[in-house]
């Protein structure tokens, strides 16, 4: 894989990613630049950057030791090349370091469309477990699977 930097984005960097994210959004999610701006105000963006531009991005919210991934996307040219897998790994390392400040185990949660087999396979390969289902959650009537990963507790 080519050289990438993985980190939390500044507000300006996050705004720079809204347009390509809105273009990638499938109709079931109905993301617009405006809805992404709203998302950016209530969450944090973590991304894989190359030459200062986000090539893959995820938005998350934190509540104590719980990290909820809300939205993630990869620019089409970088799909199926392992970039999102590496982004999620790096994010979990960051979540582990930040979430264990209180001495407990950090947990990462996310939803995935039940018919999105590629994404589900990726998340399962990273150690996520399916812990629930939200019936008819998406605009197309599809179910959402709720996934969780408990990150290791810090060594004492």
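Numbering (the working numbering), first residue to last: 4 to 159. For every residue, glycine included, the Cβ atom is placed at its ideal position computed from N, Cα and C.
Handout entry: Beta-bridge partners of residue 22, as assigned by DSSP
Key = The count along the chain shown starts at 1 and reaches residue 22 at position 19. The partner list for residue 22 (beta bridge, DSSP) is empty, contrary to what the question assumes.
Practice task
Would you mind reading off the limits of the beta strand (DSSP E) that contains residue 53?
Solution key: Indexing the chain shown from 1 puts residue 53 at position 50. Looking at the DSSP string, the run of the beta strand (DSSP E) that includes residue 53 is 47 to 53.
Problem - residue 137 versus residue 42: straight-line alpha-carbon distance, rounded - result: For the purposes of this step, residue 137 is taken as residue 134 along the chain shown, with counting starting at 1. For the purposes of this step, residue 42 is taken as residue 39 along the chain shown, with counting starting at 1. Approximately 21 angstroms, taken between the alpha carbons.
Problem - Proximity below 8 angstroms, CB of residue 88 to CB of residue 125 - result: Here residue 88 is taken as the residue at index 85 of the chain shown, counted from 1. Here residue 125 is taken as the residue at index 122 of the chain shown, counted from 1. Yes, the Cβ-Cβ distance between residue 88 and residue 125 is below 8 angstroms.
Exercise for the section: Please say whether residue 59 and residue 90 have beta carbons closer to each other than 8 angstroms? Expected result: Position 87 of the chain shown holds residue 90. Position 56 of the chain shown holds residue 59. Yes, they are a contact pair.
Exercise for the section: Could you check the C-alpha separation between residue 145 and residue 135 for me, to the nearest Å? Expected result: Stepping through the chain shown from its first residue, residue 145 is reached at position 142. Stepping through the chain shown from its first residue, residue 135 is reached at position 132. Straight-line Cα distance between these residues: approximately 14 angstroms.
Handout entry: Rounded C-alpha distance that separates residue 62 from residue 40
Key = On the chain shown, residue 62 is found 59 positions in, with the first residue counted as 1. On the chain shown, residue 40 is found 37 positions in, with the first residue counted as 1. Those two C-alpha atoms are separated by around 11 angstroms.
Handout entry: Exposure label - residue 78; buried when at least 16 CB within 10 Å
Key = Residue mapping note: residue 78 aligns to position 75 of the chain shown, counting from 1. Buried, because 16 or more other Cβ atoms sit within 10 Å of the Cβ of residue 78.
Practice task
With a threshold of 7 angstroms, establish whether the CB of residue 134 neighbours any heavy atom of the ligand GTP.
Solution key: Looking at this structure, you won't find the ligand GTP or any other ligand, since it has none at all.
Practice task
Look at the Cβ atom of residue 76, then the Cβ atom of residue 127, and state whether they are nearer than 8 angstroms.
Solution key: Locating residue 76 in the chain shown gives position 73, counting from the first residue. Locating residue 127 in the chain shown gives position 124, counting from the first residue. Not in contact: residue 76 and residue 127 (Cβ atoms no closer than 8 angstroms).
Handout entry: Residues of its chain near residue 7, where Cβ-Cβ distance is below 8 angstroms and the 5 sequence neighbours each way are ignored
Key = One-based indexing of the chain shown puts residue 7 at position 4. Within the same chain, residue 7 has close Cβ partners 51, 52, 53, 58, 86, 89.
Exercise for the section: Just list the beta strand (DSSP E) runs in the segment 83 to 127, keeping only unbroken ones of 3 residues or longer that don't cross its boundaries, in chain order. Expected result: 110 to 116
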